[in-house]
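What follows is a set of notes on a single structure, which appears directly below.
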Amino acid sequence: MKKRSVFIFGLVLAGAVFVGSNLYASEDVERYEKSNHQKTLHALGIEAEPKDVERMNTLTDGNGKKWIYTDFIDRGTIIEKMDSKYTEDVGGAFIQVHDKIMQKYAKVGDTIPVILLDEELKEGYFAFNRQEGETLSFKIKYDNGAWEYELQK
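Laid out in structure tokens, this is it:
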């Protein structure tokens, strides 16, 4: 009976350690992602605290221009906002421009892209960091039914 109690206690302790380490790891991943996004935003002229790096938050660049922030994973919310604001398919074309950029430029090890759009949701930036620290930034703009992009130097 005593061996069984020790065994059960050991399983409970191992489970607690496993769950605790997973919770800690998920916090580290979130902190790591926010840190990467802060670096990307800095390269775009925006200084943001970790608390400001939240989906659909409005951020202001060094010139006073306001941008709606999201990341590539959470872009569905901004696409829904586009679809409700415009009758043309701005959201579908928005997905296509991301695909073009990622197909041509993305490499293994790149961070999750940051998306910044103006308040009209028709102009902004798509940017991500390379593993070696370089930031790739693309100016994106909606015009005549399609989003165009240009790599910023």
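Counting the sequence shown from 1 gives a position; our numbering is that position plus 168. Note that the Cβ used here is the ideal one computed from N, Cα and C, for glycine as well.
Secondary structure note for Y273: its alpha helix (DSSP H) is the uninterrupted segment 258 to 273. By the Cβ criterion, the region 255 to 274 is not in contact with the region 193 to 213, since fewer than three pairs of Cβ atoms, one from each stretch, lie closer than 8 angstroms. Between I236 and L304, the gap from beta carbon to beta carbon reaches 8 angstroms or more. The continuous stretches of alpha helix (DSSP H) do not include D286, and DSSP gives it neither H nor E. Looking from the CA of F294, the closest CA among E198, M270, P218 belongs to M270. By the neighbour-count criterion, in which a residue is buried when 16 or more other Cβ atoms sit within 10 angstroms of its Cβ, N297 is buried. In this chain, the beta strand (DSSP E) harbouring I308 covers 303 to 311. The beta carbon of F262 is closer than 7 angstroms to those of I247, M250, W315 in its chain, skipping five residues each way along the sequence. In the three-state reduction of the DSSP assignment, D229 falls in the coil class. CA-CA distance, E201 to Q264, rounds to 24 angstroms.
Rounded to the nearest whole angstrom, the C-alpha separation of S252 and G230 is 30 angstroms. Here L209 carries a helix assignment [DSSP, helix/strand/coil]. For D220, same chain residues with a beta-carbon under 7 angstroms away, outside a window of 5 residues either side, are L227 in chain order. For D251, the uninterrupted alpha helix (DSSP H) segment begins and ends at 243 to 253. Between the C-alpha atoms of D239 and E198 there is a straight-line separation of about 13 angstroms.
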